[in-house]
Amino acid sequence: MIKVDGRKRIVKARIILFQDKMLGWFGVFGRHHLPWRQEGLSSYEIVIAEVLLQRTKAETVEKFHALFLETFPSWEAIAKADNSFIEQQLQPVGLYRQRAKRLKDLALEMVGREGRFPSDRKSLEQIPFLGQYIVNAIELQLFNKPRPLIDVNMTRVLERYFEERQLADIRCDPYLQSLAFRVINHPRSKEINWAILDFAASICKARVPLCTSCLLADTCTFYKKNLF
DNA sequence: TTCCCGCGGA
DNA sequence: TCCGCAGGAA
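Just so you know, the first sequence maps onto residues 1 to 228 in the UniProt record's numbering.
See the structure below:
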């Protein structure tokens, strides 16, 4: 590692090694079947998936999201539905009261915009329910820009393999933000993002990481420190 | 910083 | 039982 601006900067070769390993792993073990990763989805379908995925396991959303899209096929359908009905439909995935209210606000806004998302980041962040994560997800998936999907899972993987963050809030940590961007800044940005999320869910798990079946263990900071 | 919430795995 | 989960807003 090299010191830059008083902080250790991870060398490029280590980033490239991580990217290559992740892409290789993703080809074999990635969750390619997840419905919101298929080609040709509308912006509505993509954003609804992100809304449902908040603090909710992908496996849970997977079983639920087709039914939800059937019930609410468009922003208009949500915008004109009763709040109590939206709550009722969201109940199986939890966080249903908050989600229903915010989703309705978002739907009303999107009806006013005729379903089109603005392409600049500042305008996106003005729209209700669109925080840093979902804005990144929109830029990544709708506008094909390299953007990191920094959630607790990606954070855990990056902290274990590279180095721990400085701040409690992952959205405000400049080290984590810049590291994540370097890692996903690649022609196959979308796949690397998904690879890290899948890898976090099935190998680099929060409670019991499966280091013995991890292809990155030999170069992993966390593994070396804990000597599994 | 805290709350929101049901689900599934350990 | 308990813990953690593709976050955002107050």
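C-beta: ideal position from N, C-alpha, C; glycine also.
As the structure is a prediction and not an experimental result, all values here were calculated from the model.
Q.
Measuring CB atoms only, is the region 103-114 touching the region 123-142, in the sense that at least three cross pairs come out at less than 8 angstroms?
A. yes
Q: Decide if ASN136 is buried, meaning its Cβ has at least 16 other Cβ atoms within 10 Å, or exposed.
A: buried
Q. Which runs of the alpha helix (DSSP H) fall wholly inside the UniProt domain "HhH-GPD" (52-202) and span at least 4 residues, in chain order?
A. 58-71, 75-79, 83-90, 96-112, 121-126, 132-141, 152-161, 174-184, 189-202
Q. In chain order, what residues of the same chain lie with their CB nearer than 7 angstroms to the CB of ALA13, ignoring the 5 residues before and after it?
A. none
(Q) Whole angstroms are fine: how far does the CA of LEU90 sit from the CA of ARG99? (A) 8 angstroms
Q. The alpha helix (DSSP H) with THR221 in it runs from where to where?
A. 221-226
Q. Taking Cβ to Cβ, would you say THR71 is nearer than 9 angstroms to ALA77?
A. yes
Q: Name the residue from ILE16, VAL11, PHE29, ILE10 whose alpha carbon lies nearest to the alpha carbon of SER213.
A: PHE29
Q. Just to confirm, are TRP194 and ARG37 a CB contact at a threshold of 9 angstroms?
A. yes
Q) With contact counted as at least three CB pairs below 8 angstroms, one residue from each stretch, are the region 38-53 and the region 207-221 in contact? A) no
Q | 9 angstroms Cβ cutoff met for PRO209 and ALA180 | A | no
Q: Throw me the rounded Cβ distance for the GLU163 and PHE26 pair, which I believe falls under 8 angstroms.
A: So it is not a contact: roughly 23 angstroms between Cβ atoms.
Q: Closer than 8 angstroms by C-beta to ILE10: which residues in its own chain qualify, once you throw out the five before and the five after it? Chain order, please.
A: MET1, PHE162, GLU163, LEU179, ARG182
Q: Answer with buried or exposed for GLY6, where buried requires no fewer than 16 other C-beta atoms within 10 angstroms of its C-beta.
A: Residue placement at GLY6 is poorly supported in this model, since its pLDDT is 47, which falls under 50; the coordinates still yield a value, given next. It counts as exposed.
Q) Buried or exposed: LEU67, going by 16 or more other Cβ atoms within 10 Å of its Cβ? A) exposed
**Q.** DSSP state of ALA217 mapped onto helix, strand, coil
**A.** helix
Q: Measure the C-alpha to C-alpha separation of residue 229 and SER189 and round it to an integer number of angstroms.
A: In the structure as shown, the chain begins at 1 and stops at 228. Residue 229 is therefore absent and cannot be evaluated.
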